[in-house]
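Residues 1 to 345 (UniProt numbering) are what the sequence shown spells out, left to right. Even for Gly, the Cβ is constructed at its ideal location relative to N, Cα and C.
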Amino acid sequence: MTKIAIIGSEKSGKTTLAGKLGKKGSVTDITMYDYAKNDRVLTTIDATGYPASVKSLLTALNLSDIALLCIPPQGLDPLAAECIIALDLLGYRHGVIVQTKADLSYPLAIEEMREKLKKITKGTALENWQYHTVSTTSFEGMEELKELIFSMGDKVDAEQRNLDSLPARVVIDQSFNVTGIGCVVLGVVSQGTIHAKDKLVAYPAKKELEIRSIQMHDVDVKTAPAGARVGLALKGVQSKDIDRGFVLSAQEDVVTDLTLECTLSQLAKEVSVGDMLHLYVGLQSSPVKIRSIKQEGQNAEKAKPGKKYIMELAGTKEIAFSKNDRFVLANLDGRQRFVAFGHSQ
Numbered sequence: 001m002t003k004i005a006i007i008g009s010e011k012s013g014k015t016t017l018a019g020k021l022g023k024k025g026s027v028t029d030i031t032m033y034d035y036a037k038n039d040r041v042l043t044t045i046d047a048t049g050y051p052a053s054v055k056s057l058l059t060a061l062n063l064s065d066i067a068l069l070c071i072p073p074q075g076l077d078p079l080a081a082e083c084i085i086a087l088d089l090l091g092y093r094h095g096v097i098v099q100t101k102a103d104l105s106y107p108l109a110i111e112e113m114r115e116k117l118k119k120i121t122k123g124t125a126l127e128n129w130q131y132h133t134v135s136t137t138s139f140e141g142m143e144e145l146k147e148l149i150f151s152m153g154d155k156v157d158a159e160q161r162n163l164d165s166l167p168a169r170v171v172i173d174q175s176f177n178v179t180g181i182g183c184v185v186l187g188v189v190s191q192g193t194i195h196a197k198d199k200l201v202a203y204p205a206k207k208e209l210e211i212r213s214i215q216m217h218d219v220d221v222k223t224a225p226a227g228a229r230v231g232l233a234l235k236g237v238q239s240k241d242i243d244r245g246f247v248l249s250a251q252e253d254v255v256t257d258l259t260l261e262c263t264l265s266q267l268a269k270e271v272s273v274g275d276m277l278h279l280y281v282g283l284q285s286s287p288v289k290i291r292s293i294k295q296e297g298q299n300a301e302k303a304k305p306g307k308k309y310i311m312e313l314a315g316t317k318e319i320a321f322s323k324n325d326r327f328v329l330a331n332l333d334g335r336q337r338f339v340a341f342g343h344s345q
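The structure is reproduced here in structure tokens:
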């Protein structure tokens with residue numbers, strides 16, 4: 001199964017493109033599109049709640065393995081630039097920069113724009129991404145884009161097989177009741193392999209549960225490997241017990257306050273002790289207050305762009321995570337909202 005996030009500014013053509021990559025499914029602040037043919041399964045996630053909500057953007061990216069960043073002939077605007085910063089802070093490994101609306105431009109202008117984008121993304125996580133050109137009116141280039149996505153998906157699948165033997169973790173994005181079945185959740189196996197009858201815990205609520213049954217693309221299965229998008233019928237919990245962002249696993253750290261080693265984006269504004277930010281990890285988020293900032297063991301009042309710091313953060317709700325999770329900090333009042341990435345200490 002290949003899972004892609006399609007992102008960009010509001011006039012980038014991303015939603016039109018998403019509609020050509022699959023059949024429209026569930027709609028919240030993200031919109032799912034599904035495509036299945038022979039043994040190829042593609043789930044496209046459009047961050048439809050963005051730019052109003054950066055959480056929508058991060059949700060789409062964290063549910064996916066490949067990102068399509070859509071850039072129209074007009075080039076970058078502040079929102080497309082913000083998407084690049086988000087991808088860089090997440091260390092996003094796999095993606096394609098899609099130059100959309102190619103029929104509204106000329107080959108020379110498209111090539112000039114590509115060279116500009118290469119300069120802008122140099123030194124970021126997008127530096128070695130591939131480029132592809134499509135029309136979002138005639139859709140010329142669509143079949144080639146699908147082939148590129150599936151080829152990249154094969155590489156991702158091979159990488160994920162190295163995660164199958166790790167302890168199981170499932171990140172939940174939807175929870176609801178089904179008559180006669182009970183609690184059903186939708187999510188992605190981020191690592192490990194899950195089995196029917198496995199006993200896990202829903203974090204951060206620490207609710208013990210059992211996986212009653214597993215579906216992948218509406219087909220009942222006994223197991224699901226890393227990378228699989230799954231529907232799980234659960235025993236021992238109700239849908240009201242589980243929210244988007246919950247993690248099903250055997251063990252997670254659960255905290256309200258935490259200490260992060262943070263690296264600020266080069267394009268972020270400085271932040272100060274006492275500032276309120278939003279912290280994101282996986283599909284979870286929490287407002288946090290900067291309690292202290294340290295650089296090389298010395299207290300500091302401010303953290304500056306491009307520098308590394310140890311930050312103590314006071315949160316307002318419990319967050320579940322494991323030691324390798326990557327956190328993102330954002331200032332929702334800023335013009336460019338993403339501030340930093342970090343790891344727990």
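Top-ranked residue by Cα proximity to residue i, from the options
i, options, result
"alanine 314", "Val339, Leu332, Thr259", "Thr259"
"alanine 205", "Leu90, Tyr33, Ile172", "Ile172"
"lysine 116", "Thr59, Ile71, Lys3", "Ile71"
"glutamine 266", "Gly297, Arg335, Lys304, His217", "Lys304"
"threonine 136", "Thr121, Val98, Phe176", "Val98"
"valine 48", "His343, Thr59, Ala36, Leu42", "Note that residue 48 is threonine in the sequence shown, not valine. The option with the nearest alpha carbon to threonine 48 is Thr59."
"glutamate 159", "Arg93, Glu210, Tyr106", "Arg93"
"lysine 199", "Cys183, Lys11, His217, Lys235", "Lys235"
"lysine 101", "Lys197, Lys323, Phe139", "Phe139"
"valine 281", "Gly306, Lys302, Lys317", "Lys317"
"lysine 207", "Thr179, Asp241, Lys119, Arg161", "Asp241"
"arginine 244", "His278, Leu283, Pro51, Arg291", "Leu283"
"serine 322", "Gly342, Asp333, Val134", "Gly342"
"lysine 37", "Pro51, Glu296, Asp29, Gly22", "Gly22"
"glutamine 345", "Asp325, Val156, Ser286, Glu261", "Glu261"
"valine 156", "Ser190, Thr2, Gly13, Gly25", "Thr2"
"glycine 306", "Ala168, Leu89, Ser190", "Leu89"
"valine 41", "Asp154, Ala80, Lys118, Tyr106", "Asp154"
"proline 73", "Gly13, Thr179, Gly25, Ile30", "Gly13"
"phenylalanine 150", "Gly25, Lys302, Arg326, Asp39", "Asp39"
"leucine 163", "Val178, Thr193, Thr179", "Thr193"
"arginine 161", "Val134, Val189, Ile181, Gly182", "Val189"
"histidine 195", "Gly180, Val178, Asp220", "Asp220"
"isoleucine 290", "Gly297, Leu279, Gln298, Arg335", "Leu279"
"valine 178", "Ala168, Arg335, Leu61, Val237", "Val237"
"isoleucine 4", "Lys146, Ile110, Gly123", "Lys146"
"glycine 180", "Arg212, Glu144, Thr15", "Arg212"
"leucine 166", "Asn324, Asp333, Arg335, Gly334", "Asn324"
Cβ distance (whole Å) where residue i is taken to contact residue j below 8 Å
i, j, result
"methionine 152", "isoleucine 66", "5 Å"
"glycine 95", "leucine 104", "Contact flag wrong, Cβ pair sits at about 23 Å."
"glutamate 210", "lysine 197", "6 Å"
"leucine 108", "histidine 132", "In fact, because the Cβ distance is near 18 Å, the residues do not count as touching under 8 Å."
"glutamate 312", "serine 292", "4 Å"
Residues of its chain near residue i, where Cβ-Cβ distance is below 6 Å and the 5 sequence neighbours each way are ignored
i, result
"glycine 91", "Ala125"
"alanine 18", "Ile6, Tyr33, Thr44, Asp46"
"serine 256", "It should be noted that the sequence gives threonine, not serine, for residue 256. For threonine 256, where only same-chain residues beyond five positions count, the Cβ hits under 6 Å are Gly315, Glu318."
"glycine 75", "Met113"
"tyrosine 50", "Ser56, Leu57"
"valine 201", "Glu208"
Cut-off 8 Å between Cβ atoms - residues of its own chain near residue i, not counting five sequence neighbours on either side
i, result
"glycine 187", "Val170, Val171, Ile172, Asp173, Gln174, Arg229, Val230, Leu232, Leu248"
"glutamine 121", "Correcting the residue identity first, residue 121 is threonine in this sequence and not glutamine. Hits under 8 Å: Ile84, Ile97, Glu127, Trp129."
"valine 27", "Thr48"
Sequence-distant residues of the same chain with beta carbon closer than 7 Å to residue i, five excluded per side
i, result
"arginine 337", "Val54, Glu82, Ala330, Asn331"
"tyrosine 203", "Phe246, Val247, Ser249, Glu252, Val254, Ala320"
"alanine 77", "For the record, residue 77 in the displayed sequence is aspartate; it is not alanine. So the list reads Ser9, once near-sequence residues are dropped."
"phenylalanine 176", "Val184, Ser239"
"lysine 294", "Ala300, Tyr309, Ile310"
"lysine 20", "Phe139, Met142"
"valine 339", "Leu264, Ser265, Ala268, Val271, Leu277, Leu329, Ala330, Asn331"
Exercise for review: Could you tell me which uninterrupted beta strand (DSSP E) segments, each at least 3 residues in length, are contained entirely in the region 161 to 228, listed from first to last along the chain?
Suggested key: 169 to 178, 182 to 191, 199 to 203, 207 to 216, 219 to 221
Practice prompt. Tell me, please, whether the region 225 to 233 touches the region 264 to 278 by the rule of three or more beta-carbon pairs shorter than 8 Å.
Written response: no
*Length-filtered (3 minimum) beta strand (DSSP E) runs lying within the region 66 to 98*: 66 to 71
Check your understanding: Residue ranges of each beta strand (DSSP E) run of no fewer than 3 residues wholly in the region 257 to 308, ordered along the chain?
Key -> 258 to 264, 276 to 281, 284 to 295, 298 to 300
Counting only runs of 3+ residues fully inside the region 109 to 163, write out the beta strand (DSSP E) ranges in chain order. 130 to 133
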